[in-house]
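Note sheet for the following structure.
4 protein chains.
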Amino acid sequence: MNPKKTFASDNYASVYPEIMEAMVHCNSGHAAAYGADVYTQAAEKKLQEHFGSDSDVYFVLNGTGANVVAIKTLTRSHHAVICAQSAHLQVDECGALENNIGCKLIPIATDNGKITVANIADYLGDLGDQHRVQPRVVSITQASEYGTVYTSTEIRDIASLVHRQGMHLHMDGARLANAAASLGCSLAEASLAAGVDVLSFGGTKNGMMYGEAVIFANKKLSADAKYIRKQATQLAAKMRFIAVQFLALLSDDLWRKNAQRANQMAQLLMQELRLLSAVKITQKVQANGVFVIMPKEIIPVLQQQFPFYVWDEKKSEVRLMCSYDTTEQDVVRFVAAMQAVLPNAYAY
Amino acid sequence: MNPKKTFASDNYASVYPEIMEAMVHCNSGHAAAYGADVYTQAAEKKLQEHFGSDSDVYFVLNGTGANVVAIKTLTRSHHAVICAQSAHLQVDECGALENNIGCKLIPIATDNGKITVANIADYLGDLGDQHRVQPRVVSITQASEYGTVYTSTEIRDIASLVHRQGMHLHMDGARLANAAASLGCSLAEASLAAGVDVLSFGGTKNGMMYGEAVIFANKKLSADAKYIRKQATQLAAKMRFIAVQFLALLSDDLWRKNAQRANQMAQLLMQELRLLSAVKITQKVQANGVFVIMPKEIIPVLQQQFPFYVWDEKKSEVRLMCSYDTTEQDVVRFVAAMQAVLPNAYAY
Amino acid sequence: MNPKKTFASDNYASVYPEIMEAMVHCNSGHAAAYGADVYTQAAEKKLQEHFGSDSDVYFVLNGTGANVVAIKTLTRSHHAVICAQSAHLQVDECGALENNIGCKLIPIATDNGKITVANIADYLGDLGDQHRVQPRVVSITQASEYGTVYTSTEIRDIASLVHRQGMHLHMDGARLANAAASLGCSLAEASLAAGVDVLSFGGTKNGMMYGEAVIFANKKLSADAKYIRKQATQLAAKMRFIAVQFLALLSDDLWRKNAQRANQMAQLLMQELRLLSAVKITQKVQANGVFVIMPKEIIPVLQQQFPFYVWDEKKSEVRLMCSYDTTEQDVVRFVAAMQAVLPNAYAY
Amino acid sequence: MNPKKTFASDNYASVYPEIMEAMVHCNSGHAAAYGADVYTQAAEKKLQEHFGSDSDVYFVLNGTGANVVAIKTLTRSHHAVICAQSAHLQVDECGALENNIGCKLIPIATDNGKITVANIADYLGDLGDQHRVQPRVVSITQASEYGTVYTSTEIRDIASLVHRQGMHLHMDGARLANAAASLGCSLAEASLAAGVDVLSFGGTKNGMMYGEAVIFANKKLSADAKYIRKQATQLAAKMRFIAVQFLALLSDDLWRKNAQRANQMAQLLMQELRLLSAVKITQKVQANGVFVIMPKEIIPVLQQQFPFYVWDEKKSEVRLMCSYDTTEQDVVRFVAAMQAVLPNAYAY
């Protein structure tokens, strides 16, 4: 067992105590399987309170599954999905979209993980050409894989272009809570209310055990979703245990407290690292991740004490993720450990 | 909330207390995601103790996912999967195999949910014909969807034919524990040790919250499994919470105790129902399900008190499932409720 | 080279001379590729004359391709396709539909290759159930794989049920010409005009070299067809050579003359065989195929002289196909050869 | 009908007379369908004479189909295919590979349509990572979509890297004849003999009507090819008509004569255009295509007289393709037409 804190990923953290309590609490007697239970109904209602009464909610098992269900519902195999080159669904889902939908992804290189209206416009020239896949969905990640955040205005501008073309806007919101906390707005304002058509809303990186929600802006969009969820292997039997996690996370602003804590620790970490001349912060720190170029030789030494991931081997860039349970002490210890292994000259 | 007992499905039950405790107990500190944690290692080892040291274990999220990962690893799109017409993967997975693999299923009509060597032999005539899909996997369900159980000898005979043809044998073991308890043998003897190449081993129907294990007989068979699991959206992030459930289930014979309890209640239910002249038991009761033809008009009345599913509308056949938490009192009450709504003449 | 006549398949025949001449005739100069040429425009217009001015035509390369393009345009992966157990797309296309669409086929056992309204109704019970594939297309083969023909009334009845359920009716018309010649009606009356939504219209079995046409009843149905055709590898570059074949086949009633000739030879063959006590005609002869049970031992001897296929090994049933180039002499010789190898007692 | 010459594509040309004659010549009597005929056997043998006696040949219907059959035979859905960003299979096949295989393509930006050993090496870092698709096939186009040609040495270097990694090398040889003619070597030396594992060998762009050949370096690689060809809708019924085209094309060096003629006309065109100060040749002319930047305003005027395609709208770059039937007069006329519409100052 390795209970020590890491900066590897926000999904290394354990389950937030109140969420675990909710799971224990609902664990008695029988409940109808596959979502036909009262907990699931209550959780759907709770999500509609946050995301709008027209929205339509489908609980799924994990983030890759959420992206597949969300996007497959709105595409056919001759369509294409435009996304950032760094998007989780392009890089880290082992081709799940391609295999489940049969479609092509069109990755766009970005500096900061965020794609722009101009980027998208570049790929709309082949609409109507039978030889070419037809862009149908644009997928953006909020907060992005680089820890940057789309403002509501940026989302609205993208949505506006996308909708003019008869296309749909998907948001991978594995860290939507971190983005909304960063923007100081509601979950809806950072997603559906700004024009997103379908959202993968994640909880696992913000204190849940498992489970995500696919949220469509309205029921016209989601007509096929229940079949696609089942076919994509994403329908849970004992659904109540996903439902109560969302009920807990979305009550009493727990989602925001957890996300804020992680974001604040990333800010603190960034501020401390900025003081070290040997390292370079490479991205704006807007959510809970800090991207840093550091001397190659100290990386393995440091990883032994505080596991984290190398993001770009060639650039010697690493990713440091904070989670809801990261403490100031964790940050201080990490920076101290870093100073200890840095050549003297570089430590301040 | 509806805490009352049902005979609807063994996945209506809550999580067995010791399993829930194990989940609570491991919930502290950080653990590497995606299975690179000590709990997962321990659980893999525990499964190897039960299923053989050559076996190779992949934890997944649910039963449909387990079947997809197990079978896809061993097939290509021009292959076919032979199974019973009643198989869960033929009937109740919304075409998950077809969509994930692109293959065809060849369903075989049976009386009791079990396919035979002779059934399979009927479908091997087209091997080598380029116009025809090529049977590659035979899938059997243990215990079957009709609550019947394959003996080790029956499995060995099927495996022998299958292997002679260069094919593979898959077992959907969503209720393997019930089958092994019924046969009075080990989990392995009711599956891998009898010649099964890859097993979907379920826990959710035997007291777990979520999570299944795909177990290959050896590592040659499983070479692609880790990629296929991820692509099929079946890789859990916080894997420790699946691992500790299996650790609990497979310790101190908990799996057998739970399964036995469910099986015994099915026996009791069958014995009680046999006394009623208005109902007819349609299948051997070898695991935890009882299949019964009953007067059409009493079904909805009875379902109001004790939810259960109609299996065959036309025949007025229903399925009554017992689970680890079914009590003798539950059975007695159900039968009493039935007698109360049956026309007098038929109650004994 | 083996120029001798066979009763193996109508696609063993060569290309009808007038069709070959049309191909030679259009072979000069440049023509725009992929269907943007004047021949293709003319052929589309010719097909609309036959099938209705609202119809929308897509030329493809072969029959399996036609079925894939036709059905994929109208389905998604969670849908199911209901067809006869004997349907070419179920039996003889190596799972092309499953792999291209990801869907499930629901095969229905029939005596004569034709499915009925009652058959279909049996499979509509699960509409709306998220665990089950959703029937969306019914596919019928005209003439059927058993050489039987659907009347316009039978098609209308099926179409009526199918459309009431919001589903679509596909016809595999690889031998539509033989069916229409048999019914004495137009091509449209035997297909689209009777309620078919999308037709795979074949020419290869009626004197063409290659090429089929997918014909949708209207353009609302075909919105995605051009992309699906290309993605399914069914878009020909030098399209003019498919187009002129259809122009020839559909001019001066050539399609009917060729089909009638084949049908008449099947009638003659049936009448001659009926006189032999050792053989049994197993299906009504309504198109160009004759299904016959004959003594097992004479089959290989006879096949040496006149190649044909065994249809059902167990029943010793063979299929004898006539084509546009079968002559009375071919039939007479075949029957004589048969008598020569039959034990004396059975020859009359 | 538009018999006028174009510079649009080599598939606008008609069928070479000797090839058409071969088709007419074989058009008598019956021949076994699906490749079991003597013409197909002879053509397979002829291809083995050109490509090596170990090679294994599968005739298919078109180029997109050839690429699907070739690559699908060697990949599974969790694999990735590395190719140039400009590759036909990335850009112009409407996602056929993604839909048929379920895999991801990894496009590499190039200046000239040719990828290098260094390019490929950049994408091999994730081998073994379960979250990432696994590169399995590298696909190169010979001649490339930019009219450039890989030398045998360049192919050997790529093959060497690819094979060291346990991967396979595919060549899209839609214009292999043009490349071999350009290199002055045999078809094999420009493909299989240099290390290619599977080749899509095209004839349609070199005087054939339809039909391509998928050629595997050996039978170990092609074990599943016949099923995959059928499932991918690429098995022709009247195969003899594809076979005799290849027999004609590969006899008496017809393939080389046709390709050389097209290549020479491209050289002539390039030399003439080089003299015009208003246009800029953007690629080496090594096969039968010439890439030219020209004043935007003259493009539509010129296209009216001699159809051709704009390659890059933004750069005002066009593609001029020569084919086996392009004449010196065609080239002269085209250049004269260009001078006529160019502002005076730019015409020489």
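Protein chains in written order, with our numbering: chain D, 1 to 348; chain B, 1001 to 1348; chain F, 2001 to 2348; chain X, 3001 to 3348. Glycine included, every Cβ here is placed at the ideal spot set by N, Cα and C.
Legend entry - C-alpha distance - Asn2002 of chain F paired with Val2318 of chain F, whole-angstrom precision: Reliability fails at Asn2002 of chain F, whose pLDDT of 45 lies under 50, so the model's placement of it is uncertain and no value is given.
Legend entry - The alpha helix (DSSP H) enclosing Thr3141 of chain X, as first and last residue numbers: Segment Gln3134 to Thr3141 is the beta strand (DSSP E) holding Thr3141 of chain X; no alpha helix (DSSP H) there.
Inset, instruction - Please name the residue or residues paired with Leu320 of chain D in a DSSP beta bridge. - result: Bridge partners of Leu320 of chain D: D:Val290.
Legend entry - Inter-residue spacing [alpha-carbon to alpha-carbon] between Arg1261 of chain B and Lys2072 of chain F: Answer to the nearest angstrom: the Cα atoms are 48 Å apart.
Inset, instruction - Measure the C-alpha to C-alpha separation of Ala3066 of chain X and Asn3100 of chain X and round it to an integer number of angstroms. - result: Rounded to the nearest whole angstrom, the CA to CA distance from Ala3066 of chain X to Asn3100 of chain X is 12 Å.
Inset, instruction - To the nearest angstrom, report how far apart Val3292 of chain X and Leu2124 of chain F are at their CA atoms. - result: Distance between the alpha carbons of Val3292 of chain X and Leu2124 of chain F is about 60 Å.
Legend entry - Within 8 Å, strictly: CB atoms of Tyr3227 of chain X and Cys2094 of chain F: With respect to Cys2094 of chain F, Tyr3227 of chain X sits close: the two C-beta atoms are nearer than 8 Å.
Legend entry - Listed by chain order, chain F residues near Thr3233 of chain X by CB distance under 7 Å: Correct list: Asn2062, Thr2064, Gly2065, Val2068, Ala2096, Ala2232, Thr2233 and Gln2234.
Inset, instruction - Verify the CB distance criterion: does Ser139 of chain D have a CB-CB separation below 8 Å to chain X? - result: Ser139 of chain D does not count as touching chain X.
Legend entry - Proximal residues of chain F, C-beta to C-beta of Tyr227 of chain D below 7 Å: Chain F residues near Tyr227 of chain D: His2078, Gln2130 and Gln2134.
Inset, instruction - Have a look at X:Pro3307, X:Ala3232 and X:Leu3273 and flag the residue whose alpha-carbon is nearest the alpha-carbon of Met3384 of chain X. - result: It is not possible to answer for residue 3384 of chain X, since the shown part of chain X is limited to 3001 through 3348.
Legend entry - Chain-ordered chain B contacts of Lys2104 of chain F [CB-CB under 8 Å]: What Lys2104 of chain F touches in chain B, judged by beta-carbon distance under 8 Å, is Gly1095, Glu1098 and Leu1105, going in chain order.
Inset, instruction - Measure the C-alpha to C-alpha separation of Leu2097 of chain F and Cys2103 of chain F and round it to an integer number of angstroms. - result: Looking at the two C-alpha atoms, the distance is approximately 7 Å.
Inset, instruction - List the residues of chain B whose Cβ lies closer than 8 Å to the Cβ of Asp3224 of chain X, in chain order. - result: Residues of chain B passing the Cβ test: Arg1076 and His1078.
Legend entry - Val3301 of chain X burial status per 10 Å Cβ neighbour count (16 or more: buried): When all chains shown are included, Val3301 of chain X counts as exposed.
Inset, instruction - Specify, as a first and last residue, the run of the beta strand (DSSP E) that Val2015 of chain F falls within. - result: Counting along the chain, Val2015 of chain F falls outside any beta strand (DSSP E), and DSSP gives it neither H nor E.
Inset, instruction - Round the Cβ separation of Ala2087 of chain F and Glu2145 of chain F to the nearest angstrom and send it over; I've been treating them as touching at under 8 Å. - result: Contact flag correct, Cβ pair sits at about 7 Å.
Inset, instruction - Answer with buried or exposed for His2025 of chain F, where buried requires no fewer than 16 other C-beta atoms within 10 angstroms of its C-beta. - result: So His2025 of chain F ends up on the exposed side.
Legend entry - Sequence-distant residues of the same chain with beta carbon closer than 7 Å to Thr1148 of chain B, five excluded per side: Answer for Thr1148 of chain B: Asn1112, Gly1113, Lys1114, Gln1283, Lys1284 and Gln1286, listed in chain order.
Inset, instruction - Could you name the residues of the same chain whose beta carbon sits closer than 6 Å to that of Ala1013 of chain B, not counting the 5 residues immediately before and after it, in chain order? - result: For Ala1013 of chain B, the CB contacts under 6 Å within the same chain, skipping 5 residues up- and downstream, are Ser1323 and Asp1325 in chain order.
Legend entry - Given 8 Å, three or more beta-carbon pairs between the segment 239 to 258 of chain D and the segment 74 to 89 of chain D: Result no; under three Cβ-Cβ pairs closer than 8 Å.
Legend entry - Range of the contiguous beta strand (DSSP E) that encloses His79 of chain D: In the DSSP assignment, His79 of chain D falls within the unbroken beta strand (DSSP E) covering His79 to Ala84.
Legend entry - Span of the beta strand (DSSP E), counted from its first residue to its last, around Glu3212 of chain X: Here the beta strand (DSSP E) through Glu3212 of chain X covers Glu3212 to Phe3216.
Legend entry - Coarse secondary structure for Val1149 of chain B, derived from DSSP in three states: For Val1149 of chain B, the secondary structure class from DSSP, reduced to helix, strand or coil, is coil.
Legend entry - Helix, strand or coil at Ser1200 of chain B [DSSP, three-state]: In the three-state reduction of the DSSP assignment, Ser1200 of chain B falls in the strand class, which pools E and B.
Inset, instruction - Rounded to whole angstroms, what's the CA-CA distance from Phe201 of chain D to Gly166 of chain D? Just pull it up for me. - result: When rounded, the distance between both Cα atoms is 23 Å.
Legend entry - Any non-hydrogen atom of the ligand ADP within 7 Å of Ala3278 of chain X CB: Within the structure as shown, the ligand ADP is missing, as the structure has no ligands at all.
Inset, instruction - Taking only beta-carbon positions, decide if Val2214 of chain F is within less than 8 Å of chain X. - result: Val2214 of chain F has a beta carbon lying at 8 Å or more from every beta carbon in chain X.
Inset, instruction - State yes or no: is the beta carbon of Ala3252 of chain X nearer than 8 Å to at least one beta carbon in chain D? - result: A small correction: the amino acid at residue 3252 of chain X is Asp; Ala does not occupy that position in the sequence shown. Using a CB distance cut-off of 8 Å, Asp3252 of chain X does not count as an interface residue toward chain D.
Legend entry - Cα-Cα separation between Leu187 of chain D and Thr141 of chain D, rounded to whole angstroms: In a straight line, the C-alpha of Leu187 of chain D is about 14 Å away from that of Thr141 of chain D.
Legend entry - chain A contact residues for Asp2092 of chain F, given Cβ-Cβ distances below 8 Å: The question asks about chain A, but that chain is absent: this structure's protein chains are D, B, F and X.
Legend entry - Reduced DSSP secondary structure (H/G/I, E/B, other) of Gly2063 of chain F: Correct three-state label for Gly2063 of chain F: helix.
Inset, instruction - Classify Asp1172 of chain B as helix, strand or coil using the three-state DSSP reduction. - result: In the structure shown, Asp1172 of chain B sits in a strand (DSSP, three-state: E or B).
Legend entry - Beta-carbon proximity list for Phe1308 of chain B, same chain, < 7 Å, skipping 5 on both sides: Answer for Phe1308 of chain B: Thr1006, Phe1007, Ala1008, Val1318, Arg1319 and Leu1320, listed in chain order.
Legend entry - Same chain, Cβ closer than 6 Å to Lys1205 of chain B, five either side skipped, listed in chain order: Cβ neighbours of Lys1205 of chain B within its own chain (closer than 6 Å, five residues either side excluded): Asp1010, Asn1011, Ala1174 and Arg1175.
Legend entry - Pick from F:Pro2135, F:Glu2189, F:Met2020 and F:Ile2299 that is closest to Ser2152 of chain F, judged by C-alpha positions: Residue nearest to Ser2152 of chain F within the set F:Pro2135, F:Glu2189, F:Met2020 and F:Ile2299 is F:Glu2189 (criterion: CA-CA distance).
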